[in-house]
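Undergrad:
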Amino acid sequence: MRCFDEVFGELVDNLVAVLGDDALVVLDGDLLADVAELVHEISLGRRP
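Counting in this note's numbering, the sequence shown runs from 1 upward without gaps.
(1) In whole angstroms, what is the alpha-carbon distance linking GLU81 and ASP30?
(2) Classify GLY9 as helix, strand or coil using the three-state DSSP reduction.
(3) Between LEU44 and PHE4, what straight-line distance do the alpha-carbon atoms span, to the nearest angstrom?
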């Protein structure tokens, strides 16, 4: 199983490739924290 950092890093790279540098403006700290928490809950087998 791939680690969260690897998968999330790939997701961010793909977004930047598609949307350009504007994607980084959208991916602010609060959003990243929410996504990380959501993925962590799912990885533990819980539903949000």
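We put the beta carbon where it would ideally sit given N, CA and C, even for glycine.
TA: On the basis of the coordinates in this document:
(1) In the structure as shown, the chain begins at 1 and stops at 48. Residue 81 is therefore absent and cannot be evaluated.
(2) helix
(3) 12 Å
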